[in-house]
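Chemist: Shown below is the structure under consideration.
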Amino acid sequence: MNFNFQFPVIEQIEKRTKAIEENTIYDVIIIGGGPSALTAAVYCLRKGVKTALITKEFGGQITETATIENYMGYKYIEGNTLAQKFKEQVEQFELSLAYNTVVEKVINDKIKKIYCSDGKVYLSRSIIISTGKRWKTLNVVGEKELVGKGVAYCAICDAPLFKDKTVLVVGGGNSAVEAAIDLCKIAKKVILVQNLEKYTADKILLDKLNEFNNFETLFSHTVSKINGKNFVESVELHDLKNDRIFNIEVQGVFIEIGLIPNSEAFEGVVALNQYKEIIVDCACKTSAEGIFAAGDVTSVPYKQIIIAAGEGAKAALSACEYILSNKKE
Amino acid sequence: MALFDEKTKEQLRQVLSQMINPINIHFWTQEIECPTCQMNRQFLDEFVSLTDKIKLFVHDFVNEKDVAEKYGIDKIPAILITDEKESILGIRFFGIPAGYEINSFISACLEVSGAKQKIEDDIEKRIKNINKKIHIQVFVTLTCPYCPSAVATAHKLAMENPNVISDMIESSTFTPLAIKYNVSSVPKIVINDKLEFVGAQPINILLENIEKL
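Those protein sequences? They're chains C and Y, same order as listed. Residue 2 is where the first sequence starts when you use this note's numbering, and the numbers rise one by one after that. Residue 47 is where the second sequence starts when you use this note's numbering, and the numbers rise one by one after that.
What follows is the structure in structure tokens.
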């Protein structure tokens, strides 16, 4: 039997974090709570600059990752455990914290203003944006209405609820194939729908999927509609090659089509690329003076925990240098 | 065969060493145990052996109907946690709290023992002000990383106010119940059969909705 511990046993460190204040001017405000944000926080605090962090939650995407086997120092660690370790490392410092709130707007001046969803406004000389990415939705009719009624985004969570049912998995990358593998073990039949002509998933996962015989894959197909009243009943598919629209009966739709950057709040303030990622240079500087960015929200290629953490360190050092040179003036 | 390996036992011993006061765990099964009841009982036997702060009481759901009624238990396998004074706090687990759910189970044991996670004063006040009967059911699966926090939040409300009863319901064990409530994504939170949420909700959102009931 498995037990997935989320709080590891680490020696109890006294928390020194405190609540963020509205009328204080901080040296650095970090936006985000994932590996890059938390690494940036540790670097800033060790440099001794007045640092605050605004986040909805701690851990970011690693809390959605079951196990991690490529973060150096750990041969194997649960996502939540690593997130907890990051958090505890940050909490030993006097970090000012705004928790459970989302940044909605930033005004870039000498002193930057950060507007949050709870109506509060915070001030800082510099900003590090580490808001990461989130799962993309399909944006088709029926999706929103049927969330929790057969439309799902977490295969490991919800697979047990689709025993002996027919389910659709949308996507062809690693997350979609992993979802299909989890579902093949439980569901009667799994149908993968990929808009491209081939998978984009890694071979090691495809080999694992091919061990099952209760799945089929429709390449060059898209989902155009999800039908159902109280529950998913069918989906409307578009066969791109033959330009044909048809319906198939399914009881579940798992959407695994990748991620989009959480950069909406910063549009118009910093330059974004075509994927809406924040463009940064090799020192994590954005197009706006005094605003830095790090991690998955940026244009840096390869979204990996270790890269995000490294970028967070770099952004922090750049921000600290910016603060020091500006204070001298 | 033991459910906990040595490493898990050691981790649990350390976590449970944070408990402050003794607590009681009540478990309901029946003479001819259902397969999950059996495993659930073994889980609890092994769990309580790791600390001297927990006393386990095993009840027969069928033969001791009055006890089940006294504690308000209507299905098995059921776990109810009480404090050393035997106060019924409304902290219940239906189905085995294994997998990720071990975390909400540990949280509940710590909280009832007095090792409480601090909450903001105004949130605490709002919880204390709930003046009607509230029944929160949190449907989970054991492979869901988001579910324990949803369960722990519901239990926090139950812990702080006797009007609130909060249940973890393991969806695969209680399939008919999961079907009744149309559970297809977890965590699914059902309050008084009137409100439904999919996904873990922050405590203030739950409170806002409970206050409107």
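In this text, a Cβ means the ideal position worked out from N, Cα and C, and glycines have one as well.
1. Three or more C-beta pairs closer than 8 Å, one from the region 102 to 116 of chain C and one from the region 70 to 89 of chain C: is that the case here?
2. Val178 (chain C) to Val236 (chain C), Cα distance in whole Å?
3. Does Asn231 (chain C) come within less than 8 Å of chain Y when only Cβ atoms are used?
4. Please identify, using Cβ separations under 9 Å, the residues of the region 224 to 238 of chain Y that lie next to chain C, in order along the chain.
5. Nearest-angstrom Cα distance between Asn86 (chain Y) and Lys186 (chain C)?
6. Leaving out five residues before and five after Ala181 (chain C) in sequence, what residues of the same chain have Cβ atoms less than 7 Å from its Cβ?
7. Are the C-beta of Asn95 (chain C) and some C-beta of chain Y separated by less than 8 Å?
8. Quick one, are the C-beta atoms of Leu102 (chain Y) and Ile134 (chain Y) less than 8 Å apart?
9. Closer than 8 Å, Cβ to Cβ, to anything on chain C: give me those residues from the region 126 to 149 of chain Y, in chain order.
10. By Cβ distance, which residues of its chain are closer than 8 Å to Pro81 (chain Y), with the 5 residues on each side in sequence left out?
11. With the cut-off set at 8 Å, would you say Ile324 (chain C) and Val50 (chain C) are in Cβ contact?
12. Please return the same chain residues whose Cβ sits closer than 8 Å to the Cβ of Ile11 (chain C), not counting the five positions on each side in sequence.
13. What does a CB cutoff of less than 6 Å around Lys150 (chain C) pick up in its chain, not counting 5 residues either side in sequence?
14. Does the Cβ of Thr263 (chain Y) have 16 or more other Cβ atoms within 10 Å, making it buried, or fewer, making it exposed?
15. Quick one, which of C:Leu83, C:Lys57 and C:Thr56 has its alpha-carbon nearest Thr66 (chain C)'s?
16. Secondary structure at Thr82 (chain Y), three-state DSSP: helix, strand or coil?
17. Among all the DSSP beta bridges, which residues are the ones paired with Ser97 (chain C)?
18. In chain Y, which residues lie less than 7 Å from Ala1 (chain C) when you measure between Cβ atoms?
19. For Val244 (chain Y), decide whether its Cβ has a neighbour in chain C, counting only Cβ atoms nearer than 8 Å.
20. Do you know whose CA, among Y:Ile180, Y:Ile148 and Y:Leu203, lies nearest Asn249 (chain Y)'s CA?
21. With 8 Å set as the bound, which would you pick, yes or no: does the beta-carbon of Phe59 (chain C) sit closer than that to a beta-carbon of chain Y?
22. By DSSP, does Asp129 (chain Y) sit in helix, in strand, or in coil?
23. Just checking: is the beta-carbon of Cys185 (chain C) within a distance shorter than 8 Å of some beta-carbon in chain Y?
24. Excluding the five sequence neighbours on either side, which residues of its own chain have a C-beta within less than 7 Å of the C-beta of Val94 (chain Y), listed in chain order?
25. Figure out for me which residue from Y:Ile148, Y:Phe140 and Y:Gln76 has the closest Cα to the Cα of Met2 (chain C).
26. Who are the Cβ neighbours of Ile69 (chain Y) in its own chain at under 8 Å, not counting the five residues just before and after it?
27. So, does the CB of Leu49 (chain Y) fall closer than 8 Å to a CB anywhere in chain C?
28. State the Cα-Cα distance for the pair Ile157 (chain C) and Cys190 (chain Y), rounded to the nearest angstrom.
29. Is it true that the CB of Ala200 (chain Y) sits closer than 8 Å to the CB of Val186 (chain Y)?
30. Decide if Leu223 (chain Y) is buried, meaning its Cβ has at least 16 other Cβ atoms within 10 Å, or exposed.
31. Can you check whether the CB of Val298 (chain C) is closer than 8 Å to the CB of Lys331 (chain C)?
32. Taking Ser217 (chain Y) as the query, report the chain C residues whose CB atoms sit under 8 Å from its CB, ordered along the chain.
33. So with Cβ pairs under 8 Å, would you call Glu65 (chain C) a contact of chain Y?
34. Along the alpha helix (DSSP H) that carries Thr54 (chain Y), what are the first and last residues, could you check?
35. Should Asp159 (chain C) and Val61 (chain Y) be called a contact, given that it needs their Cβ atoms to be closer than 8 Å?
36. Quick one: what does DSSP say Asp112 (chain Y) is sitting in, helix, strand or coil?
Modeler: On the basis of the supplied data:
1. no
2. 19 Å
3. yes
4. Ala224, Asn228, Val229, Ser230, Ser231, Val232, Pro233 and Lys234
5. 24 Å
6. Val170, Val191, Leu193, Leu210 and Phe216
7. The sequence given here places Glu at residue 95 (chain C); Asn does not occur at that position. It does not: the Cβ of Glu95 (chain C) has no partner Cβ on chain Y nearer than 8 Å.
8. no
9. Ala144, Gly145, Tyr146, Ile148 and Asn149
10. none
11. yes
12. Below a pLDDT of 50, predicted positions are generally treated as unreliable, and Ile11 (chain C), at 42, falls in that range; the measurement from the model is reported next regardless. Contacts found: Gln85, Lys86 and Glu89.
13. Phe232
14. In the structure as shown, chain Y starts at 47 and stops at 259, and residue 263 (chain Y) therefore has no counterpart that could be examined.
15. C:Leu83
16. helix
17. C:Lys19 and C:Ala53
18. Chain C is shown from 2 up to 330; residue 1 (chain C) falls before or after that span and cannot be answered.
19. yes
20. Correcting the residue identity first, residue 249 (chain Y) is Ile in this sequence and not Asn. The candidate whose alpha carbon is nearest that of Ile249 (chain Y) is Y:Leu203.
21. no
22. strand
23. no
24. Ile71, Ile100 and Leu102
25. Y:Ile148
26. Lys99, Ile100, Lys101, Ile127, Thr128, Asp129, Glu130, Cys155, Val158 and Ser159
27. yes
28. 6 Å
29. no
30. buried
31. Since the displayed chain C opens at 2 and closes at 330, residue 331 (chain C) lies outside it and no answer follows.
32. Pro161 and Leu162
33. yes
34. Glu52 to Leu62
35. no
36. helix
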